[in-house]
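Some notes on the structure that comes next.
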Amino acid sequence: MKILKWADIKKLSAFFILVLLSACAGPKPAEELVLAKVALEAAKEVGAASAASGYWYRAEENYRKGQEALKSNYNYDAREFFIQAKNYAEKAENSTRLKKFKSGESYP
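In our numbering, each number is its position in the sequence shown, counted from 1, plus 263.
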């Protein structure tokens, strides 16, 4: 059995640190951030905060978590949060529009 020397341990440690850091870092999710923000604004315009509060809350919460992850340089996590925020915001907007249409409040 081979005994590791101190220099080998240092190299191995540096390799693992590099792998761990590269897992968090990556390209900033700029496109996902913009799409989530636009979807939230569109949902807000139709009144989703009151008409579809569940979806609206989830959209805002995921957007907030995405911003926090982005500040901490957890770009992969931020990307996932922004995608979820966009999806929930779109659901909130669609649900609100459908409710308003069914009640006769507005047209599609």
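In this text, a Cβ means the ideal position worked out from N, Cα and C, and glycines have one as well.
This one's a predicted model, so the numbers in the text were calculated from it and none came from an experiment.
query: I need the straight-line Cα distance from A322 to S276, nearest angstrom please.; result: 40 Å
query: Give me the residue from D340, L298, Y320 with the minimum Cα distance to G329.; result: D340
query: Starting from the Cα of E294, find the closest Cα among Y318, L333, A306, A312 and give me that residue.; result: L333
query: So, using beta-carbon positions, are A245 and A306 closer together than 8 Å?; result: Nothing about residue 245 can be read from this structure; the chain reaches only from 264 to 371.
query: Are the beta-carbon atoms belonging to E356 and A311 less than 8 Å from one another?; result: yes
query: Do S358 and A302 have their C-beta atoms closer together than 8 Å?; result: no
query: Classify S366 as helix, strand or coil using the three-state DSSP reduction.; result: helix
query: Do N325 and K291 have their C-beta atoms within less than 8 Å of each other?; result: no
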